[in-house]
Every structure is written in C-alpha cells, then in structure tokens.
Amino acid sequence: MITYGNLEGIAFSVLTNTFNKGFADYNVPMHMSEADLRAHLSANSFDPAISCGAFADNCLVGFVFVGRRGNVIYDAGTAVVREYRGKHVASEMLRH
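The opening position of the sequence shown corresponds to residue 171 in our numbering, with each subsequent residue numbered one higher.
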C-alpha cells in the first residue's frame, strides 16, 4: 500500500537516496550528493510542508519537490523509484 504525505521532517539523507534511485535509470543518469541536493533545493525555495512524498512500507519511493516564491508555487523536481512507476504514483502525489 502506498501512502502520501508532505516531506516535513524527512531527513535529507532519505531525500538524497530517493532522488538518486529515482533518476538512476534515466538516459542521462543524475546523481547528487546530499550537499548538492541541499543547494539545489535551497536555490529552488523548496518548501517541505507543501511538497509531497509517496511512502511504501515506511520508505520514500517518490517525491514532488515544491518550491515557493511569494505567491508562486512550482515543481522543483519529481521522481518515482523505478519499481513504483506505472502505478499512478506521480499523479497521486500531484493530486495530494
């Protein structure tokens, strides 16, 4: 069962691990260190309270990083771990 919730309180090590798993099999694989991801999210005004995660067995398996600048909110990064793709996880995160 997949549950959805915000990313408040989720450790950056968990966000980084899921980011790297989520992008590992792309045509141009992306890999970030925890420091690189912190810098990326800071530059994009990441707001964990309005960002969404997908959780399976208490593990983060997908995310929508949401940035906020004033009244503008936007997608600062979205990924789903390969094993959970095709199950409407991204759609559900956006709906959440």
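C-beta atoms are modelled at their ideal positions from N, C-alpha and C, and glycine is treated no differently.
C-beta contact flag for residue i and residue j at 7 angstroms
{"i": "S221", "j": "L264", "result": "no"}
{"i": "F225", "j": "T186", "result": "no"}
{"i": "V236", "j": "D206", "result": "no"}
Other residues of its chain near residue i: CB distance less than 6 angstroms, five sequence neighbours each side excluded
{"i": "L230", "result": "V184, T188 and G223"}
{"i": "R239", "result": "S215"}
{"i": "R252", "result": "D195"}
{"i": "H266", "result": "Y174 and C222"}
Alpha helix (DSSP H) segment containing residue i, residue limits
{"i": "N190", "result": "F182 to F193"}
{"i": "V259", "result": "V259 to R265"}
Own chain partners of residue i with C-beta closer than 8 angstroms, once the 5 adjacent residues on each side are dropped
{"i": "F193", "result": "P199, M200, H201 and A249"}
{"i": "V259", "result": "I172, A224, V231, G232 and V250"}
Sequence-distant residues of its chain with Cβ nearer than 7 angstroms to residue i (five each side left out)
{"i": "N241", "result": "none"}
Within-7 angstroms CB hit, residue i to chain C
{"i": "T186", "result": "Chain labels in this structure do not include chain C; a single protein chain is all it has."}
First and last residue of the uninterrupted beta strand (DSSP E) at residue i
{"i": "Y174", "result": "I172 to N176"}
{"i": "Y244", "result": "V242 to V250"}
Item to complete: Would you list, in sequence order, the uninterrupted alpha helix (DSSP H) runs of no fewer than 4 residues that lie entirely inside the region 192-240?
Response: 204-213
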